[in-house]
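Novice:
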Amino acid sequence: MSKNLIKIFDTTLRDGEQSPGASMNTEEKIQIALQLQKLGVDVIEAGFAAASPGDFDAIRRISEQIDKSTVCSLARCVEKDIKAAAESIASAKYRRVHVFLATSPIHMEYKLKMKPSEVIKRAVEAVQYAKSFTDDVEFSCEDAGRSEISFLKEVLDAVINAGALTLNIPDTVGYRLPNEIGARIKELSDFVNGRAVISVHNHNDLGLAVANSLAAIENGARQVECTINGLGERAGNAALEEIVMNIKTRQDIFAPLYTNINTKEIYPTSKLVSLITGIEPQPNKAIVGKNAFAHESGIHQDGVLKNKETYEIIQPSDIGLDRNNLVLGKHSGRHAFKDRLQSLGYTLKDEEVNEAFEKFKLLADRKKEIFDDDLRALVAEEITKIPQIFELITLQLSDCNPGGVPNAAITIRHHDQLITDAAIGNGTMDAVFKVIDRVCGVGGELKDYKVDAVSQGKDALAKVIVKVAFDGGKPIIGHGLNVDTMYATAQAYIGALNSYMSMKQV
Ligand code: KIV
Ligand code: ZN
0 MSKNLIKIFD
10 TTLRDGEQSP
20 GASMNTEEKI
30 QIALQLQKLG
40 VDVIEAGFAA
50 ASPGDFDAIR
60 RISEQIDKST
70 VCSLARCVEK
80 DIKAAAESIA
90 SAKYRRVHVF
100 LATSPIHMEY
110 KLKMKPSEVI
120 KRAVEAVQYA
130 KSFTDDVEFS
140 CEDAGRSEIS
150 FLKEVLDAVI
160 NAGALTLNIP
170 DTVGYRLPNE
180 IGARIKELSD
190 FVNGRAVISV
200 HNHNDLGLAV
210 ANSLAAIENG
220 ARQVECTING
230 LGERAGNAAL
240 EEIVMNIKTR
250 QDIFAPLYTN
260 INTKEIYPTS
270 KLVSLITGIE
280 PQPNKAIVGK
290 NAFAHESGIH
300 QDGVLKNKET
310 YEIIQPSDIG
320 LDRNNLVLGK
330 HSGRHAFKDR
340 LQSLGYTLKD
350 EEVNEAFEKF
360 KLLADRKKEI
370 FDDDLRALVA
380 EEITKIPQIF
390 ELITLQLSDC
400 NPGGVPNAAI
410 TIRHHDQLIT
420 DAAIGNGTMD
430 AVFKVIDRVC
440 GVGGELKDYK
450 VDAVSQGKDA
460 LAKVIVKVAF
470 DGGKPIIGHG
480 LNVDTMYATA
490 QAYIGALNSY
500 MSMKQV
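The sequence shown: position 212 = 211 (numbering that gives the first Met the number 0), numbered continuously.
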């Protein structure tokens, strides 16, 4: 590995999935992993195998399909976790087991109830055990940000001797300032002296995750752990797109350091993650926010027209954002449709193009102009499709007047059988959920509901995201996409149910 390469370790599928409400199903995780590989990330942390059979299965299936990036699986320093992590990535071409143990006084005393000497012993045993499955083992000192530097050195020395090749120094609670991180990484990097790669993993509790990651890079870190759109526990992790674009834009500072990221895949990756998780970056978010390249004031617009560089330090095309946004409509043929998908960076299989084209045609009958974001949403629906155990066929709603009796009649296909039923509710949405519960024989509890217009216009596509808990379990995401909001709502609810059924079958 070149000493100037900054390895990008993406943890969207693990720490990112720990964002409240960001859980994804296996098909969605596979599509994100494939896109991360296209983006050029060096390591994809695919999950925490011991967490559940569903998590294990998702990592296993990702490992079967990823052959350029390293696939990494996280484990506590516990034998059964490490075994599950190693087995989940067994079929990956390049695989890494990542073990972690807390090293801060507060975590050791209250959470682990372990003495520092016991922590070192456990860390060494875990690394040695992980090494029996793969050479590529990473060790993380959880809460390193609040750990004593002298103790960190002892731990690092011990795990290097046990065979760890990457040493991660997470600021788990996002406590440190950039100058502090810089100084700590410099001291640890000098101490390690090339015996292993120093990695950082910064959380954003004080809004400093990216600044801290850059400070670490300037002081010897050669791997950064980050997520798309900065997703992650609480205030999130360091945003991949911001770290990468800083390194690229400020080569006057960072050269000869570089990353393997193809920056033109940043926008498509960000879009895919937000479509799947339903978590849109804030509009003013750097690099991928909706307003990141919007110039509102006349003076700025005038400047940009005369010379883009007056107010733009990054070109939208650098991150794969095409401003032309060609509009398709009902007269656009399969060829124009496929061309547009290709220029948006999608390489779909023929049957996927055909199915997406059918959906495009249906949409074009009801929506005059179809924008790039509509196409992205259509394709995301297509590629993350899960088996349709229950399929929505028709939905009819009536009487939404004040004082009326809202009711919903529905036809659902289940194993080649069409089932029709109707229910009344406190509102049309309540009636829709009730009738679906009755037809499908479940009782879902709606935890969250969100609707967004995908593009512009009164006839915009509605993208509905629901989070539903079945049998008192963890909320499951369902997506619906239609010009009719209530139809999209029913699709989303049934989608969550299908996801739940597929996970139960694992
Ligand atoms: O924030 C953290 O400390 C982590 C570790 C598991 C790497 O996510
Ligand atoms: Zn973390």
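Glycine residues also receive a C-beta, built at the ideal position from the N, C-alpha and C atoms. Quick caveat: nothing in here was measured; it's all calculated off a predicted structure.
Looking at the unbroken alpha helix (DSSP H) that takes in Gln250, where does it start and where does it end?
Specialist: Gln250 to Phe253 is the extent of the alpha helix (DSSP H) around Gln250.
Novice: Can you tell me which of Tyr174, Asp54 and Ala49 puts its alpha carbon nearest to the alpha carbon of Glu16?
Specialist: Here the closest residue by C-alpha is Asp54.
Novice: Nearest by alpha-carbon distance to Ile298: which of Pro115, Tyr310 and Phe292 is it?
Specialist: Residue Tyr310 is the option with its Cα nearest to Ile298.
Novice: For Ile392, count the other beta carbons within 10 Å of its own beta carbon; 16 or more makes it buried, fewer makes it exposed. Which is it?
Specialist: Flag for Ile392 reads exposed.
Novice: Nearest CA to the CA of Lys183: which residue from Gly219, Val123 and Glu137?
Specialist: Checking the displayed sequence, the identity of residue 183 turns out to be Arg instead of Lys. That would be Gly219, whose Cα lies nearest to the Cα of Arg183.
Novice: I need the DSSP call for Glu26, collapsed to helix, strand or coil.
Specialist: Glu26: helix per DSSP, three-state reduction.
Novice: For Pro386, count the other beta carbons within 10 Å of its own beta carbon; 16 or more makes it buried, fewer makes it exposed. Which is it?
Specialist: It is exposed - the Cβ of Pro386 has fewer than 16 other Cβ atoms within 10 Å.
Novice: When the cut-off is 7 Å and only beta carbons count, does Arg13 lie next to chain C?
Specialist: Of the protein chains in the structure, only one exists, and it is not chain C.
Novice: At the level of alpha carbons, what is the spacing between Glu44 and Thr226?
Specialist: Near 10 Å, if we compare the C-alpha coordinates of Thr226 and Glu44.
Novice: Would you check whether the ligand ZN has a heavy atom nearer than 6 Å to the C-beta of Asp156?
Specialist: No, Cβ of Asp156 sits at least 6 Å from all heavy atoms of the ligand ZN.
Novice: Tell me which residue opens and which closes the alpha helix (DSSP H) that Arg175 is part of.
Specialist: Here Arg175 belongs to no alpha helix (DSSP H), and DSSP marks it neither H nor E.
Novice: Let me confirm a value: Glu240 is counted as buried when at least 16 other C-beta atoms fall within 10 Å, else exposed. Which label applies?
Specialist: Glu240 should be labelled buried.
Novice: What number of angstroms, rounded off, separates the C-alpha of Asn24 from the C-alpha of Gln30?
Specialist: Answer to the nearest angstrom: the Cα atoms are 10 Å apart.
Novice: Go through its chain and collect everything with a Cβ distance to Leu327's Cβ below 7 Å, but skip five positions before and after it.
Specialist: If we look at Leu327 and ignore the five residues flanking it on each side, its Cβ neighbours are Ala335, Phe336, Arg339 and Ile369.
Novice: Just confirm the distance between the C-beta atoms of Ile475 and Lys462, as a whole number of angstroms; I'd bet it's less than 8 Å.
Specialist: Wrong, their Cβ atoms sit about 17 Å apart, outside the cutoff.
Novice: Measure how close the beta-carbons of Leu207 and Leu176 come, nearest whole angstrom, since I'm counting them as under 8 Å.
Specialist: The Cβ separation is near 6 Å, so the contact holds.
Novice: Going by alpha carbons, who is nearest to Gly46 out of Lys28, Met502, Asp372 and Met428?
Specialist: Here the closest residue by C-alpha is Lys28.
Novice: Can you tell me which of Ser198, Glu186, Leu213 and Asp170 puts its alpha carbon nearest to the alpha carbon of Ala234?
Specialist: If we check each option's Cα against that of Ala234, Asp170 comes out closest.
Novice: With hydrogens ignored, establish whether the beta-carbon of Asp204 is closer than 6 Å to any heavy atom of the ligand ZN.
Specialist: Checking the Cβ of Asp204 against the ligand ZN gives no.
Novice: Under 6 Å from any heavy atom of the ligand KIV, does the C-beta of Glu141 make it?
Specialist: Result yes, Cβ under 6 Å from the ligand KIV.
Novice: In terms of DSSP beta bridges, what is Arg412 paired with?
Specialist: According to DSSP, Arg412 bridges with Glu390 and Leu417.
Novice: Quick check: the Cα distance between Lys67 and Asp135, rounded to an integer number of angstroms?
Specialist: Rounded to whole angstroms, Lys67 to Asp135 spans 15 Å at the Cα level.
Novice: Could you give the C-beta distance for Ser342 and Asp321, rounded to a whole number, given that I count them as a contact under 8 Å?
Specialist: With 8 Å as the limit, Ser342 and Asp321 qualify as a contact, their Cβ atoms being about 7 Å apart.
Novice: Looking at the unbroken beta strand (DSSP E) that takes in Leu327, where does it start and where does it end?
Specialist: Leu327 -> no beta strand (DSSP E), and no H or E assigned at all.
Novice: State buried or exposed for Glu117, treating a residue as buried only when at least 16 other CB atoms are found within 10 Å of its CB.
Specialist: It is exposed - the Cβ of Glu117 has fewer than 16 other Cβ atoms within 10 Å.
Novice: Return the bridge partner residues of Phe8 from the DSSP annotation.
Specialist: The partner list for Phe8 (beta bridge, DSSP) reads Val42 and Glu224.
Novice: In the DSSP assignment, what are the bridge partners of Cys399?
Specialist: Bridge partners of Cys399: none, in fact.
Novice: Per DSSP, what are the beta-bridge partners of Asn201 in this structure?
Specialist: Bridge partners of Asn201: Asp170.
Novice: When you compare only the Cα positions, how much space is there between Leu111 and Ala129?
Specialist: C-alpha separation (whole angstroms): 21 Å.
Novice: Nearest CA to the CA of Ile246: which residue from Asn228, Asn290, Ile180 and Ile313?
Specialist: Looking at the Cα atoms, Ile313 is the closest of the given residues.
Novice: Give me the residue from Ser1, Gly477 and Asn406 with the minimum Cα distance to Gly494.
Specialist: Selected option, being the one with the closest Cα: Gly477.
Novice: Would you say the beta carbon of His200 is closer than 6 Å to some non-hydrogen atom of the ligand KIV?
Specialist: Yes - the ligand KIV has a heavy atom lying nearer than 6 Å to the Cβ of His200.
Novice: Closest to Gly181 by C-alpha separation, out of Asn353, Ile216 and Asp458, would be which residue?
Specialist: Selected option, being the one with the closest Cα: Ile216.
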